[in-house]
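Asks:
In my numbering, the protein residues as written are 4 to 148.
Structure follows, in C-alpha cells:
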C-alpha cells in the first residue's frame with residue numbers, strides 16, 4: 004500500500020474517464036469572455052449549443068449567452084459538475100483553492116495551454132478529478148460527437 008507521500012497524481016487522460024466527465028451537465032466557466040472570436044467565448048458558446056448548462060464566471064460582465072455572470076466561483080449557487088478554466092496558469096492555484104472551498108465535487112478542467120502541477124496535485128489529493136492542458140470542445144467532438 005502506498006503512503007500519501009508516495010502517491011503519484013495524474014490528471015485525467017483516458018477516453019473513458021473523459022467521456023464520463025463530458026456526460027455531466029453543469030459547467031462553470033471561469034474567465035468566460037464577452038468577446039466573440041476568443042476561445043473563452045466560442046468554446047462556452049459551443050458547450051451551450053450542445054446542451055450544457057453553462058454558468059459564466061467573469062467579474063467584468065453582468066450576462067453572457069443570456070445567462071447571469073458571477074463574479075467568482077463562491078457566488079455560483081447550487082452544485083457545479085465541471086469548473087472549466089480559461090485563465091492564465093499563474094491564476095490556477097487560487098482557482099483550485101476556490102473550487103476546493105465549494106461543497107460540490109466539481110471536476111476541474113484546465114483548458115489547452117493552462118497547467119499547474121502543484122495545484123493539480125492539491126486538487127487530486129482532495130479527491131477531485133482534474134483535466135489539464137486540454138481543450139473541452141475538440142475532446143467533446145471526438146468522444147461525444
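From the three backbone atoms N, C-alpha and C, an ideal C-beta is built for every residue, glycine too.
1. Could you pull out every residue in the same chain whose Cβ sits closer than 6 Å to the Cβ of residue 118, ignoring the five residues on either side in sequence?
2. Less than 8 Å between the beta carbons of residue 64 and residue 77, yes or no?
3. Alpha carbon to alpha carbon, what distance is there between residue 19 and residue 82?
4. Suppose you measure from the CA of residue 7 to the CA of residue 96; what does that come to, to the nearest Å?
5. Buried or exposed: which applies to residue 139, given that a residue is buried once 16 or more other Cβ atoms fall within 10 Å of its Cβ?
6. Determine the DSSP secondary structure at residue 28, reduced to helix, strand or coil.
7. Rounded to whole angstroms, what is the Cα-Cα separation between residue 22 and residue 16?
8. Excluding the 5 residues flanking residue 28 on each side, which residues of the same chain have their C-beta closer than 7 Å to its C-beta?
9. Evaluate residue 130 with the Cβ neighbour count: other Cβ atoms within 10 Å of its Cβ, from every protein chain shown; 16 or more gives buried, anything less gives exposed.
10. For residue 68 and residue 128, I'd like the C-alpha separation in whole angstroms.
11. Can you tell me the Cβ-Cβ gap for residue 30 and residue 89, rounded? I've got them flagged as a contact below 8 Å.
Replies: Let me lay it out:
1. 92, 135, 136
2. No, these two residues do not count as a Cβ contact at 8 Å.
3. So the two alpha carbons sit approximately 23 Å from each other.
4. Model confidence at residue 7 stands at a pLDDT of 44, short of 50, so the residue's coordinates are unreliable; what they give is reported in the following sentence. The straight-line gap from Cα to Cα measures roughly 20 Å.
5. buried
6. coil
7. 10 Å
8. 55, 56, 84
9. exposed
10. 34 Å
11. About 12 Å separates the two Cβ atoms, so there is no contact after all.
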